[in-house]
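Chemist:
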Amino acid sequence: MSAQLDLPGMPRRLFSATPSKLATFADCPRRYRFAYVERPVPPKGPPWAHNTVGSAVHAALRSWWDLPIERRTPAAARQLLYSGWSQTGFRDAEQAERWRARAAGWITDYVEGLDPADEPVGTERTVGATTERLALSGRVDRIDQRGNELVIVDYKTGRSVSTDDEARGSPALAAYVLGVRRTLRRPCNRVELHHLPSGTIAAFEHTERSLANHVRRAEDIAHDITTATEALAAGADVDAAFPPVPGRQCSWCDFRPSCPTGQAAAPAREPWSFLPEDEDGNPA
Ligand code: SF4
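Counting in the numbering used here, the sequence shown runs from -13 upward without gaps.
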């Protein structure tokens, strides 16, 4: 990324960002530097098994909605999950197989609660919106039509049950609301987190005020990124412009192999260690 000055009389350049890009800088500017500034991108650690689980579930659900209505059955969802499964990040084939069965159970239960004829307005749809300083974009897992409004649906597969507070506080979900409003030009306020392992839904109805708060925070981060980028271009020390923020997150940071500060801050974790398992290794 290169720093560019706004010239008098010219429209201000918008900072292009996804929610994930902004979150990366907010969490650790050095991680942002590794991901978005340094080229070539520094070496990353191995892929995580829990990400494999999440990706497989998301892909299967997207493909399920692509099927003709009469073929949108729980068995089809299970089959899609099985056919798209990968062993990436798991300890061994046996562990991967146990988690495939577990995820198949989640997805089967989940689609049993869906109406196959209730066609979503979009699945994995990219939407975008602009604010005074930002061009925000993101990809929404599912956009539903409920009455006259569109609803953001985000699938979750992590160990923690999603909460309404999480739905309210998620910068990504707020960005999706703005993006859906702008891209699809229809009312949109409600965001939902569908947690498949527990079969629960957390939700929040955004207001203009709650969205404005999210926009303000996003613009503040974008401002900080621009300041750091300009400082680096002006010759500042790279670690002063993009300082490391060591902490627990260094255990699962993808750039840990390239970051001595993170290696000293927290122990390494096995790629499958975020899968909740009981003492016998069964999904908990
Ligand atoms: S390992 Fe920690 S300090 Fe290093 S880039 Fe990642 S989050 Fe930042």
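We treat Cβ as the ideally placed atom computed from N, Cα and C, and that holds for glycine.
Buried or exposed: where does residue -12 fall if 16 or more other Cβ atoms within 10 Å of its Cβ makes it buried?
Modeler: Any answer about residue -12 is weak, because its pLDDT of 40 lies below 50 and its placement is not dependable; what the coordinates show is given next. The residue is exposed, with fewer than 16 neighbouring Cβ atoms inside 10 Å.
Chemist: Between residue 263 and residue 84, what straight-line distance do the alpha-carbon atoms span, to the nearest angstrom?
Modeler: Using only the alpha carbons, I get a separation of about 10 Å.
Chemist: Does the pairing of the region 187 to 206 with the region 217 to 224 give three or more beta-carbon distances under 8 Å?
Modeler: no
Chemist: Starting from residue 254, trace the beta strand (DSSP E) in both directions and tell me its first and last residue.
Modeler: For residue 254, there is no enclosing beta strand (DSSP E), as DSSP gives it neither H nor E.
Chemist: Under the criterion of a Cβ to heavy atom distance below 6 Å, does residue 33 qualify as lining the ligand SF4?
Modeler: Not under cutoff, so the answer is no.
Chemist: Throw me the rounded Cβ distance for the residue 123 and residue 139 pair, which I believe falls under 8 Å.
Modeler: Wrong, their Cβ atoms sit about 18 Å apart, outside the cutoff.
Chemist: Our contact map puts residue 314 next to residue 147 with C-beta atoms below 8 Å; I'd like the distance itself, whole angstroms only.
Modeler: With the chain represented from -13 up to 270, any question about residue 314 goes unanswered, as that position is not in the structure.
Chemist: Does the ligand SF4 have a heavy atom nearer than 6 Å to the CB of residue 230?
Modeler: Indeed, a heavy atom of the ligand SF4 lies less than 6 Å from the Cβ.
Chemist: Does DSSP classify residue 178 as helix, strand or coil?
Modeler: strand
Chemist: Measuring only the C-alpha atoms, how far is residue -9 from residue 74?
Modeler: Any answer about residue -9 is weak, because its pLDDT of 49 lies below 50 and its placement is not dependable; what the coordinates show is given next. C-alpha separation (whole angstroms): 43 Å.
Chemist: Between residue 241 and residue 159, what straight-line distance do the alpha-carbon atoms span, to the nearest angstrom?
Modeler: Each residue's alpha carbon lies about 26 Å from the other.
Chemist: Who are the Cβ neighbours of residue 33 in its own chain at under 8 Å, not counting the five residues just before and after it?
Modeler: If the five residues before and after residue 33 are omitted, its C-beta is found closer than 8 Å to the C-beta atoms of 74, 75, 257, all from its own chain and listed in chain order.
Chemist: With DSSP as the reference, label residue -11 as helix, strand or coil.
Modeler: Interpretation of residue -11 is limited by its pLDDT of 41, a score under 50 that renders its predicted location unreliable; the figure taken from the coordinates is listed afterwards. Correct three-state label for residue -11: coil.
Chemist: Which runs of the beta strand (DSSP E) fall wholly inside the region 1 to 39 and span at least 3 residues, in chain order?
Modeler: Correct list: 1 to 3.
Chemist: Relative to the C-alpha of residue 193, which residue among 171, 168, 172, 163 is closest?
Modeler: 163
Chemist: Report all residues from its chain with a CB closer than 6 Å to the CB of residue 243; omit the five preceding and five following residues, and keep chain order.
Modeler: 29, 31
Chemist: Count Cβ pairs between the region 124 to 137 and the region 63 to 74 that sit closer than 8 Å; are there 3 or more?
Modeler: Pairwise C-beta distances place the region 124 to 137 out of contact with the region 63 to 74, as fewer than three of them are shorter than 8 Å.
Chemist: Alpha carbon to alpha carbon, how far is residue 251 from residue 66?
Modeler: For residue 251 and residue 66, the distance between alpha carbons rounds to 40 Å.
Chemist: At a cut of 8 Å, does the region 101 to 111 reach the region 51 to 60 through at least three beta carbon pairs?
Modeler: yes
Chemist: Please list the terminal residues of the continuous beta strand (DSSP E) segment that includes residue 55.
Modeler: Where residue 55 is concerned, there is no enclosing beta strand (DSSP E), given that its DSSP letter is neither H nor E.
Chemist: Comparing C-alpha positions only, which one of 170, 126, 206, 154 sits nearest to residue 191?
Modeler: 154
Chemist: Give me whichever residues DSSP pairs with residue 141 in a beta bridge.
Modeler: BP columns for residue 141 point to 180.
Chemist: Which residues in the same chain as residue 79 place their Cβ atom closer than 7 Å to its Cβ, once the five residues preceding and following it in sequence are excluded?
Modeler: If we look at residue 79 and ignore the five residues flanking it on each side, its Cβ neighbours are 73.
Chemist: Please return the same chain residues whose Cβ sits closer than 7 Å to the Cβ of residue 189, not counting the five positions on each side in sequence.
Modeler: In its chain, beyond the 5 residues on either side, 150, 153, 176, 177, 178 have a beta carbon closer than 7 Å to the beta carbon of residue 189.
Chemist: With DSSP as the reference, please indicate the residues paired to residue 211 in a beta bridge.
Modeler: None, per the DSSP bridge assignment.
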